[in-house]
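> Got a structure for you, questions after.
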Amino acid sequence: LSLYRLLNSISDESCADVASALCTNPSHIRDLNLSRCKLGDSGVKKLCDLLKKHECKLETLRLQNSINGESCADVASALCTNPSHIRDLDLSRCKLGDSGVKKLCDLLKKHECKLETLRLINCSITDGGGAALTEVLRLNSSHLKELNLRGNELKDSVLQELQEILQ
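Note that UniProt numbering numbers the sequence shown so that position 82 is 82, with each residue one more than the last.
Right, dumping it as C-alpha cells:
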C-alpha cells in the first residue's frame, strides 16, 4: 500500500485507529491524505507516533484543514525526530498562525530535512511567520522547491524575499 486517502471521511477516533494500524507496519505507506478529517488530540497523537517511527517512510502527508496550530507543533516535533523521509507536506487551512510556522521552522533547520514542497495556504500567517521562514530558508533552502503561502497576511516585501531565496 503506497497511497492512503481518507478525505473528509473519518472521525478523530477512527483516525486514531487508522494511525495505530499503520504504526504496526509503517514502512509500506508513502502517501497519507487525511485532509478535512478534523483530527482531534487522539488522532494527532497516533499520527505523531507513526511519524516518529524510524521505519516510517512516508513521503507525502496532506493534513489540509485537519489540525489546529497546537497540533501542528506536535506534528512538526514528530517530523523533527525523523526528518529525512518527508518530501511533500500540506498543512493548508489549518490556522497555524505564526507560532505554528515557527515550529515548522525547527524542521526546516535540520540538515536531514528533505522537504521539497510545503503548502501553507490560508494558515493565518503574518509577517512574523514570514520572517521566521525567511531566516531559516536563508540557512537551509537546498531541498525546498515549492512554498505556497497564498491567502496569508504577508506583505509583498516578505513574499518577494522568500521568492528570491527559493530561486
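Built from N, CA and C at the ideal position, the CB exists for glycine as well.
1. Using C-beta distances below 6 Å, list every residue in its chain close to L137, excluding the 5 sequence neighbours before and after it, in chain order.
2. What is the rounded straight-line gap between the Cα of L61 and the Cα of H28?
3. Under a Cβ-count criterion, where at least 16 other Cβ atoms within 10 Å of its own Cβ denotes burial, should D90 be classed as buried or exposed?
4. Would you mind giving the Cβ-Cβ distance between I86 and E112, rounded to the nearest angstrom? I have them listed as a contact below 8 Å.
5. So I67 and L39 are in contact, right, with Cβ under 8 Å, and what is the actual spacing, rounded?
6. Please tell me whether L51 and A73 are closer than 8 Å, where the distance is taken between their beta carbons.
7. DSSP on L162, reduced to helix/strand/coil?
8. Using the three-state DSSP reduction, which class does D138 fall into: helix, strand or coil?
9. With DSSP as the reference, identify every bridge partner of N148, one or two as the case may be.
10. Short check: CB of A131 to CB of C105, under 8 Å?
Concretely, from the data shown:
1. I165
2. 14 Å
3. buried
4. Going by Cβ atoms, the distance from I86 to E112 rounds to 10 Å, so no, they are not a contact pair.
5. 5 Å
6. no
7. helix
8. Reading the sequence as shown, one finds Arg at residue 138 and not Asp. Looking at R138 - three-state DSSP - the assignment turns out to be helix.
9. R119
10. no
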